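Taking it in order: structure first as structure tokens, then the write-up.
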Ligand code: FAD
């Protein structure tokens, strides 16, 4: 094997979205030499695309807001499957993380009396999202990057080198977490531009790689989101939980086909936009589920009055949690009341003056004008559900963000599981990644500092990772890069074709509405794709070869998709981002059950897994009982809708 460069760090952060940058800042401020590595350009992450805002109960727009109300809303949104401790820490710490951003230079929109403005969003009782127009994520990332630059300037003054204690490796991808026995010892990486391999040795690795949306055909996610961190964690011996819960955002663009799935922010509804079907009816009033009936308006008049007087009116049902709205749109389209291109209408043009629309929703105005030739100040948008976010993720300790069972591995942001239960509320991701990004960085630093001996990167694992990464270049010879015969011989497969087939299968068979027979079919197709993906072949060289990169990403998407399909098949109820046609009701008996996915072969060699059984083993685990003082924040009648009889009697 060729020589592979090695560099030693204390903490390696994989991902430079909000969670990764916040973790890196914390680890560096704790004095650790910290490397950040990201698949695309520095600054280009989903966080930068976040539009609506950061949920934090600062109480600026309504003084009744506080962390307890935020906690309640989050648990209700997640249908009580959230890890209660994560929901508690998140609600308590989110305001501090927003104020901290302000001290680092973030320029939020203001209330008339000069405080940080907060806007309404689905599922939040009070206006709670701190925002910067509809470009909040951009300001968040800009601020964190600016903080990183200031830390690097400090290092330049102290050590004569900007990257002495904090270095960013952009356009570099991690394909394996390395281990020394049970402990993490670093990450195996390649550089996109040159195809060069290198190893970042470190006792602590923080996964902050975001979501999995690229396994689905219609998605708001961009090319990087192939579930890498989820797969890296599985391959390193960690577990994933709640993988059946995938959020289909109700409003993605549906036309023209080239932009299908691109997000239409929830702020459009938060600021007064309404959903109508082809008969012009505001249909959401017909879709308020029993658990939410008391909290939502029954008439259009009441819903409209709420925008001006939220204390004396109930909110309009367009602001129900996302899972409810997505299902309602799906049902309207299925019933033949959809728009010409298979969506429904989202209208702001009749709800507010053009000048207000262009001021409050500048990106949406621009997006529809440029991509669909629609002027949203004069006509409605056509929208439909799009795969947006995964609630499932790495099974972590709530306080420290440490991956359970793998010393030295941490996870924060979208790649971590538990916080959002079965459904995330809008705005709760930006706050999640700040709260738990900070915690992950802090605890990774503490862990690294506490070690008396550093784990070593194993040369054999490095060789194996290199051979795995080079395999697509020798697919047609029927042999691995290291000359071992490939078990499943046959013609080389085109990675793009495999990807399209995977996306279609997940969209059609494990999408927004699920049926048992279709999920069995999905598992069969995934097994077939897995065999074919071993022959994914590419031509050319290693410099900037996107076909090669996709061939490597397929391993991750297949692993993660199998987790989603297996868990979705197992959970025989409908809850949040998991809707079963054959089990349409939420079942209290499932309230306290997490489905846990692990790799079938603990050695991490997916070849050894029995193709008939797949690569993933699923088990059930009871969730920890919710602390009493937190339960007391709810009315008994409400708890009776969610908790099992046993939990209630306790
Ligand atoms: P990301 O910001 O997704 O960053 C992941 C990072 O990991 C990237 O740097 C990527 O390059 C890197 N990476 C991935 N794989 C690898 C690998 N193998 N090796 C190296 N690096 C890797 N949430 C809200 O709360 N409010 C909103 O208004 C909002 N709007 C949204 C709008 C859109 C269009 C989208 C797509 C999402 C929105 N969300 C919103 C969700 C939210 O933006 C994301 O959930 C959140 O930003 C995820 O942050 P993260 O730090 O976990 O990961």
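In the UniProt record's numbering, the protein residues as written are 1 to 650. We treat Cβ as the ideally placed atom computed from N, Cα and C, and that holds for glycine. On a predicted model such as this, the values are computed, not experimentally measured, just so you know.
Other residues of its chain near residue i: CB distance less than 6 Å, five sequence neighbours each side excluded
i: residue 607; result: Residue placement at residue 607 is poorly supported in this model, since its pLDDT is 49, which falls under 50; the coordinates are not used for a value here.
i: residue 505; result: 522, 525
i: residue 321; result: 77, 122, 123, 423
i: residue 530; result: 558
i: residue 582; result: 515, 516
i: residue 414; result: 210, 211
i: residue 626; result: 84
i: residue 98; result: 54, 56, 130
i: residue 584; result: 574
i: residue 204; result: 11, 408, 444, 447, 448
i: residue 382; result: 254, 255, 339, 341, 343
i: residue 553; result: 226
Sequence-distant residues of the same chain with beta carbon closer than 7 Å to residue i, five excluded per side
i: residue 135; result: 51, 363
i: residue 274; result: 282, 318, 347, 351
i: residue 551; result: 472, 495, 536, 538
i: residue 503; result: 215, 216, 217
i: residue 571; result: 244, 578, 590, 595
i: residue 640; result: 648
Heavy atom of the ligand FAD within 8 Å of residue i beta-carbon
i: residue 668; result: Since the displayed the chain opens at 1 and closes at 650, residue 668 lies outside it and no answer follows.
i: residue 545; result: no
i: residue 70; result: no
i: residue 3; result: no
i: residue 234; result: no
i: residue 266; result: yes
i: residue 16; result: yes
i: residue 172; result: yes
i: residue 39; result: yes
i: residue 228; result: yes
i: residue 388; result: yes
i: residue 499; result: no
i: residue 429; result: yes
i: residue 191; result: no
i: residue 225; result: yes
i: residue 242; result: no
i: residue 185; result: no
i: residue 26; result: no
i: residue 466; result: no
i: residue 414; result: yes
i: residue 34; result: no
Residue(s) in a DSSP beta bridge with residue i
i: residue 37; result: 14, 169
i: residue 402; result: 410
i: residue 594; result: 621
i: residue 599; result: 616
i: residue 493; result: 536
i: residue 190; result: 173, 197
i: residue 253; result: 383
i: residue 578; result: 575
i: residue 393; result: 241
i: residue 204; result: 11
Through-space distance from residue j to residue i, alpha-carbon basis
i: residue 425; j: residue 264; result: 15 Å
i: residue 481; j: residue 8; result: Annotation note: pLDDT 44 at residue 481 (below 50); position unreliable, no value reported.
i: residue 538; j: residue 465; result: 18 Å
i: residue 159; j: residue 228; result: 34 Å
i: residue 82; j: residue 182; result: 28 Å
i: residue 573; j: residue 416; result: 23 Å
i: residue 75; j: residue 84; result: 8 Å
i: residue 406; j: residue 231; result: 14 Å
i: residue 483; j: residue 493; result: Confidence at residue 483 is low in this model, with a pLDDT of 46, below 50, so its placement is unreliable and no value can be given for it.
i: residue 323; j: residue 576; result: 6 Å
i: residue 400; j: residue 68; result: 22 Å
i: residue 327; j: residue 250; result: 8 Å
i: residue 114; j: residue 107; result: 12 Å
i: residue 89; j: residue 334; result: 40 Å
i: residue 669; j: residue 312; result: Residue 669 lies beyond the residue range present for the chain, which begins at 1 and ends at 650; the question has no answer from this structure.
i: residue 221; j: residue 386; result: 9 Å
i: residue 315; j: residue 358; result: 24 Å
i: residue 179; j: residue 189; result: 14 Å
i: residue 540; j: residue 497; result: 18 Å
Chain-order list of residues whose beta-carbon lies under 8 Å from that of residue i (same chain, five-residue window excluded)
i: residue 161; result: 155
i: residue 545; result: 195, 538
Integer Cβ distance of residue i from residue j, believed to fall under 8 Å
i: residue 594; j: residue 241; result: 5 Å
i: residue 17; j: residue 208; result: 6 Å
i: residue 26; j: residue 438; result: 5 Å
i: residue 296; j: residue 272; result: The Cβ separation is near 16 Å, so there is no contact.
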